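Colleague:
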Amino acid sequence: VRPLAEYKGQTSFFGGEAPLDEWIGYLVVLGFGALFSILTSAIVMIGKVYGTSSGMTSEHFNTAGRMVKTGLTASVIVSQWTWAATLLQSSNVAWKYGVSGPFWYASGATIQVLLFGVLAISLKTVAPRAHTFLEIVNARWGKPAHLTFMFFGFAANIIVTSMLLLGGAATVEALTGMDYRLASFLIPWGVIFYTSVGGLHATFLASYIHTVIIFMVLITMILMVYIKMYSSDQIYDFLDYTVTRTLDECKAIYSTDGTVEGTFYEPGKYACGEIDGNAEGSYLTMVSSGGLMFGIINIVGNFGTVFVDQSYWQSAIAAQPASAAKGYLLGGICWFAIPFSLATSLGLASTALMLPITADEAGSGLVPPAVATHLLGDTGAVLILVMLFMAIVSTGSAESIAVSSLVSYDIYRQYINPEATGAQILKVSRVVIVLFGLIMGGLSILLYEMGLNLGWVYLFMGIVIGSAVMPLWFMMTWSKASGTGAVVAAWSGFILALIGWIAGAHIQSGEVTIASLGTDEVMLSGNLIAILGSGFIHIVWSLLIDPTDYDFAELNGKIRLVEQDMSGLGEEQQDAKLLADSHRWITRRGYILSFVLIILWPILSVPAGKFSRNYFAFWVLVAIAWGFGSAIIITVLPIAESRDELGTILSAMFPFLAPDKMKMEKKLMADDDEGQAA
11 VRPLAEYKGQ TSFFGGEAPL DEWIGYLVVL GFGALFSILT SAIVMIGKVY
61 GTSSGMTSEH FNTAGRMVKT GLTASVIVSQ WTWAATLLQS SNVAWKYGVS
111 GPFWYASGAT IQVLLFGVLA ISLKTVAPRA HTFLEIVNAR WGKPAHLTFM
161 FFGFAANIIV TSMLLLGGAA TVEALTGMDY RLASFLIPWG VIFYTSVGGL
211 HATFLASYIH TVIIFMVLIT MILMVYIKMY SSDQIYDFLD YTVTRTLDEC
261 KAIYSTDGTV EGTFYEPGKY ACGEIDGNAE GSYLTMVSSG GLMFGIINIV
311 GNFGTVFVDQ SYWQSAIAAQ PASAAKGYLL GGICWFAIPF SLATSLGLAS
361 TALMLPITAD EAGSGLVPPA VATHLLGDTG AVLILVMLFM AIVSTGSAES
411 IAVSSLVSYD IYRQYINPEA TGAQILKVSR VVIVLFGLIM GGLSILLYEM
461 GLNLGWVYLF MGIVIGSAVM PLWFMMTWSK ASGTGAVVAA WSGFILALIG
511 WIAGAHIQSG EVTIASLGTD EVMLSGNLIA ILGSGFIHIV WSLLIDPTDY
561 DFAELNGKIR LVEQDMSGLG EEQQDAKLLA DSHRWITRRG YILSFVLIIL
611 WPILSVPAGK FSRNYFAFWV LVAIAWGFGS AIIITVLPIA ESRDELGTIL
661 SAMFPFLAPD KMKMEKKLMA DDDEGQAA
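If you're matching positions, the sequence shown starts at 11 in our numbering and goes up one per residue.
(1) Here's the rule I'm using: 16 or more other beta-carbon atoms within 10 Å means buried, otherwise exposed. How should methionine 460 be labelled?
(2) For the alpha helix (DSSP H) that phenylalanine 248 lies in, which residues bound it at each end?
(3) Expressed to the nearest angstrom, what Euclidean distance is found between the alpha-carbon atoms of glycine 578 and glutamine 330?
(4) Under the DSSP definition of a beta bridge, which residues are partnered with serine 265?
(5) For the pair the segment 143 to 162 and the segment 296 to 310, tell me if three or more CB-CB distances fall below 8 angstroms.
(6) Is the segment 621 to 639 in contact with the segment 128 to 141, if contact means three or more CB pairs nearer than 8 angstroms?
(7) Kindly give me the distance between the Cβ atoms of glycine 337 and threonine 83, rounded to whole angstroms, as I take these residues to be in contact under 8 angstroms.
(8) Which parts of the segment 356 to 444 are runs of the alpha helix (DSSP H), unbroken and 4 residues or longer, counting only runs that do not cross its ends?
(9) Buried or exposed for lysine 79, please, with buried defined as at least 16 other CB atoms from any protein chain shown within 10 angstroms of its CB.
(10) Beta carbon of histidine 548, beta carbon of phenylalanine 621: below 8 angstroms?
(11) How is lysine 238 classed by DSSP in three states: helix, strand or coil?
(12) Taking buried to mean at least 16 other C-beta atoms within 10 Å of its own C-beta, is aspartate 319 buried or exposed?
(13) Between the alpha carbons of glycine 472 and aspartate 258, how many angstroms are there, rounded?
(14) In this structure, how does DSSP classify valine 318 when only helix, strand and coil are distinguished?
(15) Would you please state the rounded distance, in angstroms, between the beta carbons of serine 351 and histidine 141? I believe it to be under 8 angstroms.
(16) Please look up how many angstroms separate the CB atoms of tyrosine 204 and phenylalanine 46, rounded, as I've assumed it's under 8 angstroms.
(17) Could you tell me whether the segment 401 to 416 touches the segment 435 to 454, where touching means 3 or more Cβ pairs closer than 8 angstroms?
(18) Report yes or no: do three or more beta-carbon pairs, one from the segment 363 to 374 and one from the segment 121 to 128, lie closer than 8 angstroms?
(19) Would you give the residue range spanned by the alpha helix (DSSP H) that aspartate 591 belongs to?
(20) If I follow the unbroken alpha helix (DSSP H) through histidine 141, where does it start and stop?
(21) Is there contact between the segment 92 to 108 and the segment 166 to 183, where contact requires at least three CB pairs shorter than 8 angstroms?
(22) For the alpha helix (DSSP H) that contains lysine 279, what are its first and last residues?
(23) Measure the alpha-carbon distance for leucine 448 versus proline 198 and round it to whole angstroms.
(24) Does the beta-carbon distance from asparagine 167 to glutamate 409 come in below 8 angstroms?
(25) Throw me the rounded Cβ distance for the valine 632 and methionine 296 pair, which I believe falls under 8 angstroms.
(26) Rounded to whole angstroms, what is the Cα-Cα separation between tyrosine 36 and aspartate 189?
(27) Taking the C-alpha atoms as reference points, what is the distance between alanine 500 and serine 477?
(28) Quick check: leucine 398 and alanine 382, are their CB atoms within less than 8 angstroms of each other?
(29) Locate the alpha helix (DSSP H) running through leucine 125, then write down its first and last residues.
(30) Between the Cα of glycine 567 and those of Trp33, Leu30, Glu16 and Pro138, spot the shortest distance and give me the residue it belongs to.
(31) Considering only the beta carbon of each residue, do threonine 221 and serine 85 sit closer than 8 angstroms?
(32) May I ask you to list the residues that DSSP assigns as paired with lysine 620?
(33) Look at the alpha carbon of isoleucine 402 and the alpha carbon of glutamate 271, and state the distance between them as a whole number of angstroms.
(34) Going straight from the alpha carbon of glycine 536 to that of glutamine 424, what length do you get?
(35) Could you compute how far the alpha carbon of serine 110 sits from the alpha carbon of valine 606?
(36) When the Cβ atoms of the segment 591 to 599 are set against those of the segment 208 to 215, are three or more pairs found closer than 8 angstroms?
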């Protein structure tokens, strides 16, 4: 039964009031933050005492021993790439554009991870000693390029962390009434403690736990929408009903007394009536001009946040060579399910049920909590809040350790103390993690006070960091890439993008304001100029002005280890045939899957026009199956791959769990003693 009568006369879903009590906000932000800090730190200590891990060195702190396996690598990628925006804005675009919104959000942000797998295995091949991507820049192209890409690297970390806190604090305030300023300062403390204690290893363990919780909530929401409460056929009929309402019918639905005279309806404010730019005005079609525009911006803008973000390079550095390529491919495929399956459930349900969600509420990311509240009451809102906090904390910890690595290796060791010891590097890393968390809390408040919201910053980031994407790709894959050309291309692309962005706003709106700079068309132009302009300039410079032919075999020798920790750098891990096979494996699959996700799948969906009932049922089935499959893989694979290590730790902690093994070991030791005595 559609809940129209239940919300009769409501001008908005939440009525401007937080659905949860303020104390719940403090419980989640402080309680969960403390819980995961204690839990993660305890796991790290248990592994150190009972497992095979040695004492904490700066190498292990920043690389996790370079021996992380496929399942945990995939889990970390999913965790890092799941922002507050992933959970909130994906449902917002479903509310706005229908089925195309979740698809374009998911596919438009998956291909970057798939393609980064190519860089990951290239790194393992030519620079396995690296701690940061800037070390590789410095080793190949020298100081000018090092300083140039340091700017873009820090810009990426700062923008991503700003978005996390901006979206996270605003959502916590919207759901619980907790002041966003306080939330901005308290949220970072959820990651500062365990990240500074356990380093990258602790971050990876926490990311696994966070990802499992996110998938648990995801599966709960899918089951509630399509299994327990409704079916795909019902949602199909409801979506059809929503778009076939006339203007007068919409006015009567959204009114105080059920009549046109008592209406508070405004076109575009609520989900009612046809969708402009969609085939037959329907939510049930991939033929959507608005959805396609969003998809293009999503694709272009997200390359910068993957390729220029040290946290993704760090995950590649931490992975075993054989696991790097597979981990990124599997991580990308599993991540696809989060925006696609979640928004296909909650996002479409919001319009199908015609909940009184306003455009402002949807834009603020309140579609998921609104639908969850409708389905499960306050429990639903709490689940969404916990899910959001997991996303914010997991990505925040990755960004913290990324910044600490850049400062430690590319500022402190490179320019301040070239002979820094491991203990000094470790100390600097921990201090930076604490300072970065505090500074970012203040910066997010500043951005909020300036009137910049999550959506604006999300679209803007590609303009700032997009010009570094192509030079970094060429650095790892093209021997003829010029260092001088990379510097010229990065700065030229950045400046041209800013000029094009500002000029576009003035041409389109006749003024330059935050609002005019934030339109889709203007943001798209700036993003395209940044990434394509710099790529073109770098190619031309490398071929015509400063031709070179770099020998990648020289690269690794120019990168120094701090301690002689050769974990993950042995002959077995550096087998040339293994690396070459892995490179071919990820290259083929990365390109093919990218083609399928952004070209083939959309093209095959276009002839369907408005989906038939059976086509939509199949679409929902794909979303459900993808969600369940990803949840199982991300939950089970890391544990299955670590069963030997887990067995060692559990046997040491609880000998009674493996009595036969313990007796056999004691007997062998006794036999050895007798043999030595004889």
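Beta carbons: idealized from backbone N, C-alpha and C, even for Gly. Every value quoted in this text rests on a predicted model; they were computed, and no experiment measured them.
Modeller: The short version:
(1) Position 450 of the sequence shown, counting from 1, holds the residue named residue 460. Result: exposed.
(2) As a first step, residue 248 is located in the sequence shown; it is residue number 238 there, counting from the start. Note, phenylalanine 248: alpha helix (DSSP H), 242 to 253.
(3) The sequence position of residue 578 within the sequence shown is 568, counting from 1. The sequence position of residue 330 within the sequence shown is 320, counting from 1. Per-residue confidence for glycine 578 stands at a pLDDT of 49, beneath the threshold of 50, marking its modelled position as unreliable; no derived number is given.
(4) Counting from 1 along the sequence shown, the entry for residue 265 is found at position 255. In DSSP, serine 265 forms a bridge with Thr273.
(5) Short answer: they don't touch.
(6) Touching, no, given that fewer than three Cβ pairs across the two stretches are closer than 8 angstroms.
(7) Position 327 of the sequence shown, counted from the first residue, corresponds to residue 337. Position 73 of the sequence shown, counted from the first residue, corresponds to residue 83. So it is a contact: roughly 3 angstroms between Cβ atoms.
(8) For the segment 356 to 444, whole alpha helix (DSSP H) runs of length 4 or above, ordered along the chain, are 358 to 362, 369 to 373, 377 to 386 and 388 to 417.
(9) Numbered from 1 along the sequence shown, position 69 holds the residue referred to as residue 79. Counting the other CB atoms within 10 Å of its CB gives lysine 79 a total of 16 or more, which places it among the buried residues.
(10) In the sequence shown, the residue the question calls residue 548 occupies position 538. In the sequence shown, the residue the question calls residue 621 occupies position 611. No, Cβ-Cβ distance for histidine 548 and phenylalanine 621 is not below 8 angstroms.
(11) Mapped onto the sequence shown, residue 238 falls at position 228. If DSSP states are grouped into helix, strand and coil, lysine 238 belongs with the helices.
(12) Within the sequence shown, numbered from 1, the residue matching residue 319 stands at position 309. Classification for aspartate 319: buried.
(13) Taking the sequence shown and counting its residues from 1, one reaches residue 472 at position 462. Taking the sequence shown and counting its residues from 1, one reaches residue 258 at position 248. Distance between the alpha carbons of glycine 472 and aspartate 258 is about 42 angstroms.
(14) On the sequence shown, position 308 is the one that residue 318 refers to. Here valine 318 sits in coil by DSSP.
(15) As a first step, residue 351 is located in the sequence shown; it is residue number 341 there, counting from the start. As a first step, residue 141 is located in the sequence shown; it is residue number 131 there, counting from the start. Contact between serine 351 and histidine 141 is ruled out by a C-beta separation of about 36 angstroms, above the 8 angstroms threshold.
(16) The residue given as residue 204 occupies position 194 in the sequence shown. The residue given as residue 46 occupies position 36 in the sequence shown. Between tyrosine 204 and phenylalanine 46 the beta-carbon gap is near 7 angstroms, inside 8 angstroms, which marks them as a contact.
(17) A contact exists between the segment 401 to 416 and the segment 435 to 454.
(18) Between the segment 363 to 374 and the segment 121 to 128 there are fewer than three C-beta pairs closer than 8 angstroms, too few to call the two in contact.
(19) Taking the first residue of the sequence shown as position 1, residue 591 is located at position 581. 586 to 605 is the extent of the alpha helix (DSSP H) around aspartate 591.
(20) Taking the first residue of the sequence shown as 1, we reach residue 141 at position 131. Careful: histidine 141 lies outside any alpha helix (DSSP H) and carries neither H nor E.
(21) By the Cβ rule, the segment 92 to 108 counts as touching the segment 166 to 183, because three or more pairs are nearer than 8 angstroms.
(22) Locating residue 279 in the sequence shown gives position 269, where the first residue counts as 1. Here lysine 279 belongs to no alpha helix (DSSP H), and DSSP marks it neither H nor E.
(23) Position 438 of the sequence shown, counting from 1, holds the residue named residue 448. Position 188 of the sequence shown, counting from 1, holds the residue named residue 198. Straight-line Cα distance between these residues: approximately 7 angstroms.
(24) One-based indexing of the sequence shown puts residue 167 at position 157. One-based indexing of the sequence shown puts residue 409 at position 399. Yes; because the gap between Cβ atoms is below 8 angstroms, this pair is in contact.
(25) Translated into the one-based positions of the sequence shown, residue 632 becomes position 622. Translated into the one-based positions of the sequence shown, residue 296 becomes position 286. That pair is no contact at about 13 angstroms.
(26) If you number the sequence shown from 1, residue 36 lands on position 26. If you number the sequence shown from 1, residue 189 lands on position 179. So the two alpha carbons sit approximately 10 angstroms from each other.
(27) As a working note, residue 500 is residue 490 in the sequence shown. As a working note, residue 477 is residue 467 in the sequence shown. Cα to Cα, the separation comes out at about 5 angstroms.
(28) In the sequence shown, residue 398 corresponds to position 388, counting from 1. In the sequence shown, residue 382 corresponds to position 372, counting from 1. Going by beta carbons, leucine 398 and alanine 382 fall outside the 8 angstroms limit.
(29) Taking the sequence shown and counting its residues from 1, the one referred to as residue 125 is at position 115. It spans 121 to 136 - the alpha helix (DSSP H) in which leucine 125 sits, taken as one unbroken run.
(30) The residue labelled residue 567 in the question sits at position 557 within the sequence shown. Ranking Trp33, Leu30, Glu16 and Pro138 by CA distance to the CA of glycine 567 puts Pro138 first.
(31) Counting from one through the sequence shown, the residue named residue 221 turns up at place 211. Counting from one through the sequence shown, the residue named residue 85 turns up at place 75. Taking 8 angstroms as the cut-off, the beta carbon of threonine 221 is found closer than this to the beta carbon of serine 85.
(32) Here residue 620 corresponds to residue number 610 of the sequence shown, with the count starting at 1. In the DSSP output, where bridge partners are listed per residue, lysine 620 has Thr295.
(33) In the sequence shown, counting from the first residue as 1, residue 402 sits at position 392. In the sequence shown, counting from the first residue as 1, residue 271 sits at position 261. So the alpha carbons of these two residues sit roughly 45 angstroms apart.
(34) Counting from one through the sequence shown, the residue named residue 536 turns up at place 526. Counting from one through the sequence shown, the residue named residue 424 turns up at place 414. Across the structure, glycine 536 and glutamine 424 are spaced so that their CA atoms are roughly 33 angstroms apart.
(35) The sequence position of residue 110 within the sequence shown is 100, counting from 1. The sequence position of residue 606 within the sequence shown is 596, counting from 1. Distance between the alpha carbons of serine 110 and valine 606 is about 15 angstroms.
(36) In this structure the segment 591 to 599 does not lie against the segment 208 to 215, because fewer than three pairs of beta carbons, one per stretch, are closer than 8 angstroms.
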